[in-house]
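Have a look at the structure below, then the notes.
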Amino acid sequence: MLDTTGYLFEIEELDDRMVIYSEYLDSHRTIYTDGRDHPEGGEPSNQGHSIAHWEDDTLVVDTRLFADHRSPNRNGVPSGEQKHVVEKYRLSDDKTHMFIDVFMEDPEYLSEPFEGQIIRYYSPTLERHDYNCEPEEPAA
309 MLDTTGYLFE IEELDDRMVI YSEYLDSHRT IYTDGRDHPE GGEPSNQGHS IAHWEDDTLV
369 VDTRLFADHR SPNRNGVPSG EQKHVVEKYR LSDDKTHMFI DVFMEDPEYL SEPFEGQIIR
429 YYSPTLERHD YNCEPEEPAA
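Residue 407 in our numbering is what sits at position 99 of the sequence shown, and the numbering runs on without skipping anything.
Dropping the structure here:
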């Protein structure tokens, strides 16, 4: 799938989890699909802890345990430890787009919950490449 930055991301489905790989900075995100809950006293991280389940053809992802970041993210909003995000992923009927409905609440930094939708092109034939910050050697 192609995101708004022009970088591809790929979703790999395994028995107990999904992994979203992004070309941007070679990052990845793990989403557990084995029925577990968020761990009590779990370690906060930049991406939080994600669990998911299917509702018909929609993957519902619940993420908590975000690290507290006072510096804004790429959208200009800091992140608090109480942030909670729910994403709902589904393909368009014609299988050309991925719709991601997003609900986010963070009482430390948002005066009210945020809701929005991200639309990405879906193209399973495109190949994800490594993010390479090093210039290639010039041909001799």
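Cβ atoms here follow ideal geometry from the backbone N, Cα and C, with glycine treated the same way. Bear in mind that the values here come from a model prediction, so they are computed numbers and not experimental data.
Query raised in the report: Anyone know if the C-beta pair for phenylalanine 411 and glutamate 423 falls short of 9 Å?
Result: Start at 1 with the first residue of the sequence shown, and residue 411 comes out as number 103. Start at 1 with the first residue of the sequence shown, and residue 423 comes out as number 115. Result yes, Cβ atoms of phenylalanine 411 and glutamate 423 sit closer than 9 Å.
Report task. With DSSP collapsed to three states, give me the class of leucine 367. Result -> One-based indexing of the sequence shown puts residue 367 at position 59. In this structure, leucine 367 counts as strand in the three-state DSSP scheme.
Query - Endpoints, beta strand (DSSP E) assigned at aspartate 409 - result: Taking the first residue of the sequence shown as 1, we reach residue 409 at position 101. Unbroken beta strand (DSSP E) run through aspartate 409: 405 to 413.
Query raised in the report: What's the C-alpha gap between histidine 336 and isoleucine 328?
Result: Residue mapping note: residue 336 aligns to position 28 of the sequence shown, counting from 1. Residue mapping note: residue 328 aligns to position 20 of the sequence shown, counting from 1. Cα to Cα, the separation comes out at about 5 Å.
Query - Backbone secondary structure at valine 385 - three-state DSSP - result: For the purposes of this step, residue 385 is taken as residue 77 along the sequence shown, with counting starting at 1. Secondary structure of valine 385 (DSSP, three-state): coil.
Requested in this report: Please look up how many angstroms separate the CB atoms of phenylalanine 374 and lysine 391, rounded, as I've assumed it's under 8 Å.
Outcome: The residue you call residue 374 lines up with position 66 of the sequence shown. The residue you call residue 391 lines up with position 83 of the sequence shown. Correct: roughly 4 Å between the Cβ atoms.
Query raised in the report: Does the Cβ-Cβ distance between aspartate 370 and alanine 360 come in under 9 Å?
Result: For the purposes of this step, residue 370 is taken as residue 62 along the sequence shown, with counting starting at 1. For the purposes of this step, residue 360 is taken as residue 52 along the sequence shown, with counting starting at 1. Cβ atoms of aspartate 370 and alanine 360: closer than 9 Å.
Query raised in the report: Counting along the chain, where does the beta strand (DSSP E) carrying lysine 396 start and finish?
Result: The residue given as residue 396 occupies position 88 in the sequence shown. From DSSP, the beta strand (DSSP E) with lysine 396 extends over 392 to 399.
Query raised in the report: What residue range is occupied by the uninterrupted beta strand (DSSP E) comprising serine 330?
Result: Residue 330 sits at position 22 when you count from the first residue of the sequence shown. First-last of the beta strand (DSSP E) with serine 330: 325 to 330.
Query raised in the report: With a CB to CB cut of under 6 Å and the five nearest residues on each side skipped, what residues in its chain are close to histidine 320?
Result: Here the question's residue 320 lines up with position 12 in the sequence shown. Checking the sequence, you will find glutamate at residue 320 rather than histidine. Once the five neighbours on either side are set aside, the close Cβ partners of glutamate 320 are Val327.
Query raised in the report: Mapping DSSP to helix, strand and coil, what is glycine 424?
Result: Here the question's residue 424 lines up with position 116 in the sequence shown. Residue state, collapsed to three classes: strand.
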